[in-house]
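Residues in the sequence shown are numbered consecutively from 13, following my numbering.
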Amino acid sequence: MQNSTDTDLQAIQNLAREADTITHLDELFCGYLLSPACEDHEPSQRANIFETYISLRDFLSRLTSTKHKAKAPAI
């Protein structure tokens, strides 16, 4: 059985990994915007990529938020 400190440390490590995932997604999208591939795509293709990025980022944010709300201690 884990003690409170171990559980808190694990929760902090999980938050850090999730933040890294969202940050990495942001970096990938910014890299795409600066790449020649972005310039080669039609405006509608860029719009589709942007919508996919926003949807994925929103999903990851909600998933992170939901997971940690569920773990919050009852007061």
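Where a beta carbon is used, it is the ideal one built from N, C-alpha and C, also for glycine.
Same chain, Cβ closer than 6 Å to Y44, neighbours up to 5 away in sequence not counted: Position 32 of the sequence shown, counted from the start, is the residue given in the question as residue 44. Spatial neighbours of Y44 in its own chain (CB-CB distance under 6 Å, excluding positions within 5 residues in sequence) are listed in chain order as C50.
Residue from E30, I66, A28 and A23 with nearest C-alpha to C42: Residue 42 sits at position 30 when you count from the first residue of the sequence shown. Of E30, I66, A28 and A23, the residue nearest in Cα terms is I66.
Spatially closest choice to L74 from I61, I34 and E63, by CA coordinates: As a position in the sequence shown, residue 74 is number 62, starting the count at 1. Here the sequence assigns Arg to residue 74, which means Leu is not the residue at that position. When each option's Cα is compared against that of R74, the closest is I34.
Beta-carbon proximity of L72 to E30, cut-off 9 Å: Here residue 72 is taken as the residue at index 60 of the sequence shown, counted from 1. Here residue 30 is taken as the residue at index 18 of the sequence shown, counted from 1. Their beta carbons are under 9 Å apart, which means L72 touches E30 by this criterion.
Presumed contact (8 Å Cβ cut-off) between R69 and L37, rounded CB distance: Against the sequence shown, residue 69 aligns to sequence position 57. Against the sequence shown, residue 37 aligns to sequence position 25. Contact between R69 and L37 holds: their C-beta atoms lie close to 6 Å from each other, under 8 Å.
Alpha helix (DSSP H) runs wholly inside the region 29 to 61, at least 4 long, in chain order: Counting only runs of 4 or more, we get 48 to 52.
Through-space distance from T17 to R58, alpha-carbon basis: As a working mapping, residue 58 is identified with position 46 in the sequence shown. As a working mapping, residue 17 is identified with position 5 in the sequence shown. C-alpha separation (whole angstroms): 46 Å.
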